[in-house]
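A.B. asks: Take 17 as the starting number for the sequence shown in the working numbering and just add one per residue. Beta carbons: idealized from backbone N, C-alpha and C, even for Gly. Keep in mind that this is a model prediction, so the values were computed, not measured.
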Amino acid sequence: MSDRPVIPYGKQHITDEDIEAVNRVLRSDYLTQGPEIVKFEEAFAEYTGARYAVAVSNGTAALHLGALVLGVSSRSRVITTPITFSASANCIAYCGGQIHFADIDPETFLLDPDSVESLLKAAPAGTYDGIIPVDFAGRAVDLERFRELAERYELWIIEDACHAPGGYFTDSKGDRQLCGNGQFADLSVFSFHPVKHIAAGEGGMITTNNQELYEQLMKLRTHGITKNEQEFTNPPATAFGSQVRSGEEEPTYPGWYMEMQELGYNYRITDFQAALGNSQLQRAAGGLRRRKEIAEMYDRALSGKSYIRRQSGVVKGHAYHLYVIEAEDRAGLYQHLRDQQIFAQIHYVPVHLMPYYKRLGWKEGDLPHAERYYAGCLSLPIYPTLTPEEQQYVIDSIDGYYG
Numbered sequence: 017m018s019d020r021p022v023i024p025y026g027k028q029h030i031t032d033e034d035i036e037a038v039n040r041v042l043r044s045d046y047l048t049q050g051p052e053i054v055k056f057e058e059a060f061a062e063y064t065g066a067r068y069a070v071a072v073s074n075g076t077a078a079l080h081l082g083a084l085v086l087g088v089s090s091r092s093r094v095i096t097t098p099i100t101f102s103a104s105a106n107c108i109a110y111c112g113g114q115i116h117f118a119d120i121d122p123e124t125f126l127l128d129p130d131s132v133e134s135l136l137k138a139a140p141a142g143t144y145d146g147i148i149p150v151d152f153a154g155r156a157v158d159l160e161r162f163r164e165l166a167e168r169y170e171l172w173i174i175e176d177a178c179h180a181p182g183g184y185f186t187d188s189k190g191d192r193q194l195c196g197n198g199q200f201a202d203l204s205v206f207s208f209h210p211v212k213h214i215a216a217g218e219g220g221m222i223t224t225n226n227q228e229l230y231e232q233l234m235k236l237r238t239h240g241i242t243k244n245e246q247e248f249t250n251p252p253a254t255a256f257g258s259q260v261r262s263g264e265e266e267p268t269y270p271g272w273y274m275e276m277q278e279l280g281y282n283y284r285i286t287d288f289q290a291a292l293g294n295s296q297l298q299r300a301a302g303g304l305r306r307r308k309e310i311a312e313m314y315d316r317a318l319s320g321k322s323y324i325r326r327q328s329g330v331v332k333g334h335a336y337h338l339y340v341i342e343a344e345d346r347a348g349l350y351q352h353l354r355d356q357q358i359f360a361q362i363h364y365v366p367v368h369l370m371p372y373y374k375r376l377g378w379k380e381g382d383l384p385h386a387e388r389y390y391a392g393c394l395s396l397p398i399y400p401t402l403t404p405e406e407q408q409y410v411i412d413s414i415d416g417y418y419g
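(1) Suppose the cutoff is 6 angstroms on Cβ atoms and the five residues either side in sequence are ignored; what does the same chain contact list for G392 look like?
(2) Helix, strand or coil for I411 per DSSP?
(3) For F152 and T100, which I take to be in contact (beta-carbon distance under 8 angstroms), what is that distance rounded to the nearest angstrom?
(4) Closest to E170 by CA distance: which of Y350, T242 and S92 is it?
(5) Considering only their Cβ atoms, is the gap separating A71 from E57 smaller than 7 angstroms?
(6) Less than 8 angstroms between the CB atoms is what I'm expecting for V205 and G75, so what's the real figure, rounded?
(7) In this structure, how does DSSP classify N39 when only helix, strand and coil are distinguished?
(8) Leaving out five residues before and five after A156 in sequence, what residues of the same chain have Cβ atoms less than 7 angstroms from its Cβ?
(9) Leaving aside the five residues before and after I241 along the sequence, list all residues of the same chain whose C-beta is less than 6 angstroms from its C-beta, in chain order.
(10) Inspect the beta-carbon positions of R237 and Y283 and report whether they are closer than 7 angstroms.
(11) Please classify Y336: does DSSP put it in a helix, a strand, or coil?
(12) Find the nearest neighbour of C111 within the set D145, G87, L127 and A216, judged by alpha-carbon distance.
(13) Can you check the region 338-407 for any alpha helix (DSSP H) of at least 4 residues that lies completely inside it and give the ranges in chain order?
(14) Exposed or buried, which one is A215 when buried takes at least 16 other CB atoms within 10 Å?
(15) So, helix, strand or coil for I310, using DSSP?
(16) Taking only three categories from DSSP, how would you classify L203?
(17) If we count the other Cβ atoms within 10 Å of its Cβ and call it buried at 16 or more, is P397 buried or exposed?
(18) Given a threshold of 16 other Cβ atoms within 10 Å of its Cβ, counted over all protein chains shown, does V132 qualify as buried or as exposed?
(19) Taking one C-beta from the region 310-317 and one from the region 407-419 each time, how about it: are there three or more such pairs within less than 8 angstroms?
(20) Just to confirm before moving on: does the CB-CB distance between I95 and A118 stay below 7 angstroms?
(21) Are the beta-carbon atoms of K27 and Y399 separated by less than 7 angstroms?
(22) State yes or no: is the C-beta of I358 within less than 7 angstroms of the C-beta of I23?
(23) Start and end of the alpha helix (DSSP H) containing G75?
(24) Consult DSSP for V22 and reduce its assignment to one of helix, strand or coil.
(25) Based on DSSP bridge pairs, tell me the residues matched to V72.
(26) Between the C-alpha atoms of Y417 and H352, what's the straight-line distance to the nearest angstrom?
(27) Rounded to whole angstroms, what's the CA-CA distance from G219 to F208? Just pull it up for me.
(28) How long is the line joining the alpha carbons of Q356 and A59, rounded to whole angstroms?
(29) Can you name the residues that DSSP bridges to V150?
(30) How close, in whole Å, do the beta carbons of I174 and R163 come, if the pair is a contact with beta carbons under 8 angstroms?
(31) For H363 and Y25, what's the separation of their Cα atoms in angstroms?
(32) Note the first and the last residue of the continuous alpha helix (DSSP H) segment covering Q259.
(33) Under 7 angstroms, do H337 and I120 count as touching if we go by C-beta distance?
(34) Rounded to whole angstroms, what's the CA-CA distance from D45 to A291? Just pull it up for me.
(35) Which same chain residues, not among the five before or five after I285, have their C-beta less than 7 angstroms away from its C-beta?
(36) Determine whether the beta carbon atoms of L229 and V85 lie at a separation below 7 angstroms.
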């Protein structure tokens with residue numbers, strides 16, 4: 017075992033400015049449900065180009081709320097990718113719906129629109145309700161293509177952009193389409209887990225251009241409660257615990273009154289998390305540039321190596337949350353790197369092969385491209401504070417294993 021410090025696959029970068037942003041909130045009157053949350057939401061909406069943003073407790077909560085406001089129920093069937101964190105699928109199961117996995121494109125590792133279209137064509141009209149494409153590793157899916165399928169088959173779209181703030185794809189007109197801008201997806205979700213681009217400890221965000229969905233999200237993240245008098249359904253007298261007698265004037269609602277109108281959840285983010293996230297957001301562009309530099313160095317170093325398969329060239333618009341290779345003798349390389357204190361990671365065990373989903377009928381062989389990818393995939397260290405010397409050590413260790 018090497019005495020070198022550990023090099024993880026991902027790592028947060030906390031600055032003095034981040035610490036001061038959190039301290040400022042800790043010294044304030046609000047730890048939660050205060051002004052920092054609104055500031056973060058407004059800044060994030062501007063960053064993505066969306067009309068609305070709703071901050072929540074984590075990315076999984078964002079997915080769950082998205083499924084709820086889009087009406088997912090036990091009658092719903094939704095399509096997603098098997099190469100993702102399980103929450104992309106679980107959010108549908110939380111609502112009682114059924115998940116159907118489509119295969120990935122072996123070149124991009126993303127949900128394959130052709131595979132999705134094959135599922136849609138093979139089923140009677142109205143079988144499926146929605147699609148959850150995932151910007152896996154930070155590479156933006158072609159949402160324009162998925163929107164065309166959604167329009168044709170009357171589906172909604174949740175873009176799982178947890179890996180891809182700042183990422184984009186280029187549409188058919190040659191325009192950049194930022195992840196989460198609301199132009200093609202009904203909702204987009206993001207995560208602020210420590211290894212993500214923007215770290216808030218935990219936390220998530222939902223962006224949308226749909227005002228009705230936005231208002232539903234705002235209510236459901238806080239127990240289904242509203243304090244908006246215009247939305248109240250009980251008469252004002254109910255708020256006082258009394259009834260209006262004949263001839264009496266109906267009172268106005270008192271300041272304390274609120275109504276739980278839906279079965280919601282406590283999916284709120286705190287003010288100090290929002291302050292940290294907002295501080296990190298201010299330097300997100302620099303983090304993206306550094307991630308691209310690291311990807312370019314890996315690309316040059318690993319080009320032409322027979323034992324490594326990688327995506328050809330640095331991909332335009334890729335946010336590079338992960339730098340994924342497919343390696344010969346992946347298990348051996350993984351252990352060798354760990355012995356050198358390099359903690360590369362596997363992203364992901366295909367969701368359809370998790371025991372929960374196997375009990376629902378999924379099995380090995382159902383999605384060959386995803387399963388072939390999983391047999392060789394390995395995520396190498398990539399984060400803004402990774403030094404050139406550390407990265408060269410990773411590259412040398414890979415070369416050293418294959419000799």
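C.D. replies: Result, derived from the coordinates:
(1) E342, A343 and R346
(2) helix
(3) 6 angstroms
(4) S92
(5) yes
(6) 6 angstroms
(7) helix
(8) A180, G183, Y184, F185, C195 and G333
(9) M274 and M276
(10) yes
(11) coil
(12) G87
(13) 346-355, 371-375 and 384-392
(14) buried
(15) helix
(16) strand
(17) buried
(18) buried
(19) yes
(20) yes
(21) yes
(22) yes
(23) G75 to V85
(24) coil
(25) G220
(26) 7 angstroms
(27) 5 angstroms
(28) 41 angstroms
(29) D176
(30) Rounded, the Cβ-Cβ distance is 12 angstroms, inconsistent with contact.
(31) 11 angstroms
(32) Run containing Q259: none; DSSP gives neither H nor E here.
(33) no
(34) 14 angstroms
(35) I53, A71, V72, S73 and G219
(36) yes
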